[in-house]
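What follows is a single structure, written as structure tokens, with notes after it.
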Amino acid sequence: MATHPSVETKYMEERRELFHGIRNLERRSFLKVSAAALGASAGLAYPHSFTPVSVAQGAEDTGSDQAFRFAYVSDSHLYEKDVNDRFVRGLLRAVDDVNNLDPQPDFVFYGGDLAQLGQEKELELGAQILKNLKAPLRIMVGEHDWYLDMGQKWQELFGDPTYSFDHKGVHFVVLNSVVEADFWTERNMTPMERMMTVAGLDNSLQSPFTVGQTQRKWLQDDLEKLSDDARLIILSHSPLYKLYKPWNFWTDDAEEVQAILNRFKNVVVIHGHTHQLLTNRIGNIHFHGVLSTAWPWPYAPEGMPELTIEMSRPDPFNPNDGCGDGEVHVHPDGLVDKIYNLWNRNPVSVTAAYTASGGSDSVPPKPNRPSY
Amino acid sequence: MNWTLIRGSARRAIVCAMLLFWAAFLAGCKHPSETAELDAADPQSDAGKETVATADTVDVKSCDGENTVQVAKGLTGQAMADALMDQWQRNHPEANWVTEEKEKHVFLPPADNSALLQGDQGKGHVYGNFTERDLITWAREAEKFVAEGSRIFHSGDELGSQIAVSCDMCHPHAANTHPETYPKYQVQLGRVVLLRDMINWCVENPVRAEPLDPNGPKMRALEAYIMAQRKGTVMEYGKH
């Protein structure tokens, strides 16, 4: 029996081809390709054949204040795969999720804590898995990546943990916000003892996280050239505010960092570490947490920001519940819609309208199971 | 040094050694100033071997009947006892494990029972005639039990995890364990469970270890730690 592709198959093939072409497109050749695609589709008799109508918007998006989106994956806490396969499967799933986004995001942001104990094999495994991402990777360091060899292996694989870049008119800054004062020398700790101490969320022997004076100076210099209405997104591992010190949901020099950001009209901070839906706003600064691919954390017993709509307590019987990945949709005004792609639940959007209105508009769904 | 935290057998050994030196002191040893030669007082233990006393030292057999300790002559009992204690602590770095566990994974102190020392009705009765010493003992022992639970809670090795997972990785400070809500109908299991049933479910599944003996010391310690962390919370059995 002869095989003919179905209408649906034809449609999907065309669509895939077109988006593939557009993703690799330079601005100048955009019209050429879209015209070709139009021509190709016009020649087909299928009534529902794909035509790149919505893509025309892309042509307008080349200015300095355009909208775009990027994806995030964070806090995978990898052990070597023969020690613990569950966390490895978590990261693989997130990479699949992101690779299946269509169209692809502009880039993928990794939010830190790729490894559980900062060991070479853990970091190498993580780097290897992240290489499967189709979109370009931007990566940040977390405390679990750092405190075994003080960042040596991580930097060897991924470069400097503090950097900035510009994308479609938005200035992105990536910080290492997990700088801890030396608590280990006095206690004669081995590197692994130091790592194990930092790896324990409720371990009080460690010091609070900071950005530190060196990076604050660097940040000040880096932002100097920007005007007050520049679009600015800061990526940090710890929340750049003070939530709950016993778990280092905390940045000890948060006020100093916020002071540097005060002059801007809108600033968005996206942070890892907290493994949960977490929203805050301090003046002009809008803060969003991200999900982990390994496990969710409980909410802090005190000090929760008013804007946070907590996620329902995760189901312990489903190892994926409360975990996930997500997307960030950046608006022309620099604010963002934060999409939490929860693996076992409906996705939750915390929109720019919600944070901008101080929590009165576009309120995300409320939880039904409390966090204890 | 924290005397209350040193385990029973070790404490007996130290008391025994102290008594020996007081005896030596009372028997007429020379006694230079209290603080003199503390360094020299550092006794050199040599397990199972006889040592030879020199002109400046004296051999003392420890209570265990095996170790001989060589110490400088002419020290007061206190200096000698301190030196022995120092030595014992060097040989037992884990001796302060309760204090260390508390420092590492801060947990709530047991209830304050000082009101029991008030009032006169308890006097003259066996039950109810409490002293400050009783209160100290209760608090110390209860806290030690909780500390043991904290130690296991935070250790994948103690739990026997095959995948290097410990309880604190999802439950820092035992958060989200809600022991006050048991017994309750656990929907996922289709039956009413106690806290220990859920602990063992976690041990077998996310932690991936052999289940603990429900009446064994590890389960009892884990329950103690989890309950202690909810001090002051209203009991609400059946709550979801």
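Chains F and Z, in that order, are what the protein sequence lines are. Residue numbers for the first sequence follow this note's numbering, so the first one is 9 and each next one is one higher. Residue numbers for the second sequence follow this note's numbering, so the first one is 635 and each next one is one higher. In this text, a Cβ means the ideal position worked out from N, Cα and C, and glycines have one as well.
Cutoff 7 angstroms; reference residue i; Cβ partners in own chain excluding five residues on either side
i, result
"Trp258/F", "Pro216, Phe217, Ser246, Lys250, Leu251, Tyr252"
"Trp7/F", "The requested residue 7/F is not part of the displayed model; chain F covers only 9 to 380."
"Ala843/Z", "Leu793, Gly794, Ser795, Gln796, Val837"
"Phe272/F", "Asp236, Ala238, Leu240, Asn292"
"Ser62/F", "Annotation note: pLDDT 39 at Ser62/F (below 50); position unreliable, coordinate value reported separately. There are no such residues."
Residue i at chain F interface by Cβ criterion, 8 angstroms
i, result
"Pro806/Z", "yes"
"Glu735/Z", "no"
"Met853/Z", "no"
"Lys588/Z", "The displayed coordinates of chain Z run from 635 to 874. Any statement about residue 588/Z would go beyond what the structure contains."
"Asn810/Z", "yes"
"Ala798/Z", "yes"
"Asp698/Z", "no"
"Met861/Z", "no"
"Gln723/Z", "no"
"Asp720/Z", "no"
"Gln822/Z", "yes"
"Met869/Z", "no"
"Asp716/Z", "no"
"Asp754/Z", "no"
"Asp802/Z", "yes"
Contact set for residue i: own chain, Cβ-Cβ below 6 angstroms, skip 5 residues either direction
i, result
"Asn382/F", "Not covered by the structure: residue 382/F. The range shown for chain F is 9 to 380."
"Pro813/Z", "Leu829, Ile860, Met861, Arg864"
"Leu138/F", "Leu145"
"Val116/F", "Ala79, Val106, Leu141, Ala143, Leu145"
"Pro169/F", "Val149, Asn184"
"Ala670/Z", "In this prediction, Ala670/Z has a pLDDT of 37, which is less than 50 and means its spatial position is unreliable; what the coordinates show is noted afterwards. Result list for Ala670/Z: empty, nothing under 6 angstroms."
"Val187/F", "Thr218, Gly220"
"Pro199/F", "Leu156"
"Thr811/Z", "His805, Ile860"
"Tyr871/Z", "Pro817"
Within-8 angstroms CB hit, residue i to chain Z
i, result
"Leu285/F", "no"
"Ser215/F", "no"
"Tyr155/F", "no"
"Asp121/F", "no"
"Lys321/F", "Checking the sequence shown, residue 321/F turns out to be Arg, not Lys. At least one chain Z Cβ lies under 8 angstroms of Arg321/F."
"Trp351/F", "no"
"Trp255/F", "yes"
"Ser246/F", "no"
"Phe272/F", "no"
"Pro327/F", "yes"
"Ser379/F", "yes"
"Pro375/F", "no"
"Pro144/F", "no"
"Pro340/F", "no"
Other residues of its chain near residue i: CB distance less than 8 angstroms, five sequence neighbours each side excluded
i, result
"Arg36/F", "Caution is warranted here: a pLDDT of 47 is assigned to Arg36/F, below 50, making its placement in the model unreliable, and the coordinate value is therefore given only provisionally. Closer than 8 angstroms at Cβ, skipping near neighbours: no residue."
"Leu165/F", "Leu131, Glu132, Ala135"
"Leu209/F", "Trp255, Asn256, Trp305"
"Ile290/F", "Tyr249, Gln266"
"Ala75/F", "Asp69, His337, Val338, His339, Pro340"
"Lys129/F", "Glu88"
"Tyr118/F", "Tyr80, Val81, Ser82, Leu138, Leu145, Arg146, Ile147, Met148"
Cβ-heavy atom distance, residue i to the ligand SAM, below 7 angstroms
i, result
"Leu122/F", "Of ligands this structure carries none, so the ligand SAM is not represented either."
Near-chain F residues of the region 770–794 of chain Z - C-beta to any C-beta below 7 angstroms | Those residues of the region 770–794 of chain Z that come within reach of chain F (Cβ to Cβ, closer than 7 angstroms) are His788.
Near-chain Z residues of the region 82–94 of chain F (beta-carbon distance less than 9 angstroms), N- to C-terminal order = Cβ contacts with chain Z come from His85, Tyr87, Val91, Asn92, Asp93, Arg94.
Evaluate the contact criterion for the region 333–341 of chain F versus the region 119–134 of chain F: three or more CB pairs, one atom per stretch, below 8 angstroms.
-> Fewer than three beta-carbon pairs drawn from the region 333–341 of chain F and the region 119–134 of chain F are found closer than 8 angstroms, and the two stretches are therefore not classed as touching.
3 or more residues per run - each beta strand (DSSP E) lying fully within the region 163–209 of chain F | Whole beta strand (DSSP E) segments, 3+ residues: 171–175, 178–182.
Specify whether the region 137–146 of chain F and the region 201–210 of chain F touch according to this definition: at least 3 beta carbon pairs, one from each stretch, less than 8 angstroms apart.
-> The region 137–146 of chain F vs the region 201–210 of chain F: no contact.
Quick check: the region 226–235 of chain F against the region 178–196 of chain F, are there 3 or more CB pairs under 8 angstroms?
-> Contact holds: three or more Cβ-Cβ distances are below 8 angstroms.
Does the region 735–744 of chain Z touch the region 780–796 of chain Z, meaning 3 or more C-beta pairs lie closer than 8 angstroms?
-> Three or more beta-carbon pairs separated by less than 8 angstroms link the region 780–796 of chain Z to the region 735–744 of chain Z, which places the two stretches in contact.
Three or more beta-carbon pairs under 8 angstroms between the region 341–360 of chain F and the region 290–299 of chain F, yes or no?
-> Because the criterion of three Cβ pairs below 8 angstroms is met, the region 341–360 of chain F and the region 290–299 of chain F touch.
Interfacial residues, the region 832–858 of chain Z to chain F, with Cβ spacing under 9 angstroms | Result list: Met832, Trp835, Cys836, Asn839, Pro840, Arg842.
Proximal residues, the region 292–317 of chain F versus chain Z, C-beta separation under 9 angstroms = So the close ones are Ala302, Trp303, Pro304, Trp305, Pro306, Tyr307, Ala308, Pro309.
Uninterrupted beta strand (DSSP E) stretches inside the region 814–850 of chain Z (no shorter than 3 residues) = Listed in chain order, the beta strand (DSSP E) elements of length 3 or more contained wholly in the region 814–850 of chain Z are 818–820, 825–827.
Only counting runs of 4 or more residues, tell me where the alpha helix (DSSP H) segments fall wholly within the region 109–166 of chain F, in order along the chain.
-> As far as the region 109–166 of chain F is concerned, its whole alpha helix (DSSP H) runs of at least 4 residues are 128–138, 151–154, 160–166.
If you measure beta-carbon to beta-carbon, which residues of the region 192–221 of chain F are closer than 7 angstroms to chain Z?
-> Within the region 192–221 of chain F, the residues whose Cβ lies closer than 7 angstroms to any Cβ of chain Z are, in chain order, Gly208, Leu209, Asp210, Asn211, Ser212, Leu213.
Are the region 796–808 of chain Z and the region 86–95 of chain F touching by the rule of at least three beta carbon pairs closer than 8 angstroms?
-> With three or more CB-CB distances shorter than 8 angstroms, the region 796–808 of chain Z counts as touching the region 86–95 of chain F.
Which ranges does the alpha helix (DSSP H) cover as unbroken runs of at least 4 residues, wholly within the region 245–317 of chain F, from first to last along the chain?
-> List check, alpha helix (DSSP H) in window: 262–269.
Positions along the region 153–178 of chain F whose CB lies within less than 7 angstroms of some CB in chain Z = Of all residues in the region 153–178 of chain F, none places a beta-carbon less than 7 angstroms from a beta-carbon of chain Z.
Secondary structure, alpha helix (DSSP H): runs of 4+ residues fully inside the region 780–817 of chain Z = Those alpha helix (DSSP H) runs which fall completely within the region 780–817 of chain Z and span 4+ residues are 790–793.
Report the residue ranges of all alpha helix (DSSP H) runs contained in full by the region 704–736 of chain Z; include only those spanning at least 4 residues, in chain order.
-> Counting only runs of 4 or more, we get 711–725.
Unbroken alpha helix (DSSP H) runs of length 4 or more, entirely within the region 340–378 of chain F: which are they?
-> Taking only runs of at least 4 residues, the alpha helix (DSSP H) segments lying wholly in the region 340–378 of chain F are 360–364.
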